[in-house]
Every structure is written in structure tokens, then in C-alpha cells.
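Read through the structure below, which is laid out as C-alpha cells, and then see the notes.
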Amino acid sequence: MQNEPTAQQLKDIKIIAKFTEVWCVGQQHSGQQPVAAYPELQPLTLCPDCAAFLDYAVKKRLNCPLEAEKPTCRRCRIHCYAPQQRALVKQIMAWSGRKMIMRGRLDYLWHYFF
Numbered sequence: 002m003q004n005e006p007t008a009q010q011l012k013d014i015k016i017i018a019k020f021t022e023v024w025c026v027g028q029q030h031s032g033q034q035p036v037a038a039y040p041e042l043q044p045l046t047l048c049p050d051c052a053a054f055l056d057y058a059v060k061k062r063l064n065c066p067l068e069a070e071k072p073t074c075r076r077c078r079i080h081c082y083a084p085q086q087r088a089l090v091k092q093i094m095a096w097s098g099r100k101m102i103m104r105g106r107l108d109y110l111w112h113y114f115f
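In my numbering, the protein residues as written are 2 to 115.
What follows is the structure in C-alpha cells.
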């Protein structure tokens with residue numbers, strides 16, 4: 002990462018990384034490898050497609066123009082994700098969210114809805 006992320010950015014990045022990891026494992030993607038680009042997310046292993054998505058999501062989060070009054074991406078007035086990536090993040094968040102409810106991880110969902 003180019004600059005040191007703020008505490009809120011790091012929290013958001015860890016959340017999207019966890020949702021992406023749950024998605025990648027649950028969808029039984031193959032070719033899982035450690036994601037070396039983000040040492041603060043270790044140990045994190047993803048398939049190449051999920052790693053590329055996570056890289057995209059992290060870059061978008063770090064370059065958010067609304068940093069001062071940042072709403073959740075879902076409620077944001079500016080949609081900086083490309084349409085295909087936006088559809089994918091909705092799918093990942095919905096699917097992984099259900100899995101996390103079954104695991105008892107409601108803290109991640111609190112962030113998503115509020």
C-alpha cells in the first residue's frame with residue numbers, strides 16, 4: 002500500500018478480506034495461495050480471482066474520496082466500483098454474510114448494515 006492506512010480503512014479492509022476469504026473457501030475455488038501484498042491480512046489465502054477482487058476492493062477503499070464522512074459503500078452516493086465488480090461485491094457480501102451468521106460472527110454484519 003502506498004500510504005499508511007487509517008484505523009478505519011484498515012478495519013474496512015480486514016472486513017472485506019474476511020468476507021472474500023469466506024466466499025473463496027465456500028465456493029471451493031482452487032489454487033489458493035497466500036496474499037502477500039497485504040501483510041496486515043496474514044494469514045490469508047485466496048484463489049487468483051478472489052485475490053484480484055480483494056486487490057481491487059482495497060485500492061478503491063484506500064482512494065475513497067469521502068474519507069471524512071465515509072458511509073458504508075452500500076449507502077454511498079458515489080459508486081466507485083465498476084458495475085461488474087459492484088455486482089460481485091454484493092454477491093460476496095450476501096453469501097458470506099449468511100455463512101457468518103451461521104458461524105455466529107454478527108460483528109461483521111453490524112458493519113455491513115450500519
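All residues carry an ideal CB built from backbone N, CA and C; glycine is no exception.
If you compare alpha carbons, which of the options is closest to residue i?
i, options, result
"residue 28", "11, 12, 40 and 47", "47"
"residue 30", "43, 64, 50 and 69", "50"
"residue 19", "34, 55, 69 and 78", "55"
"residue 32", "77, 53 and 81", "53"
"residue 98", "72, 22, 12 and 86", "22"
Please report the straight-line C-alpha distance between residue i and residue j, rounded to a whole angstrom.
i, j, result
"residue 83", "residue 41", "26 Å"
"residue 24", "residue 7", "26 Å"
"residue 60", "residue 89", "16 Å"
"residue 15", "residue 104", "17 Å"
"residue 58", "residue 39", "12 Å"
"residue 96", "residue 5", "31 Å"
"residue 70", "residue 26", "33 Å"
"residue 2", "residue 36", "At residue 2, the pLDDT of 43 sits below 50, so the modelled position is not reliable and the matter cannot be decided from this model."
"residue 117", "residue 91", "This structure leaves residue 117 out entirely; the chain is present only between 2 and 115."
"residue 129", "residue 9", "Coverage of the chain is limited to positions 2 through 115, which leaves residue 129 absent and any answer about it impossible."
"residue 34", "residue 45", "8 Å"
"residue 100", "residue 17", "14 Å"
"residue 67", "residue 102", "29 Å"
"residue 93", "residue 73", "15 Å"
Taking DSSP's pairing of strands, which residues face residue i in a bridge?
i, result
"residue 35", "46"
So within the stretch 44–101, which uninterrupted alpha helix (DSSP H) runs reach at least 4 residues, ignoring any that extend past its ends? 49–63
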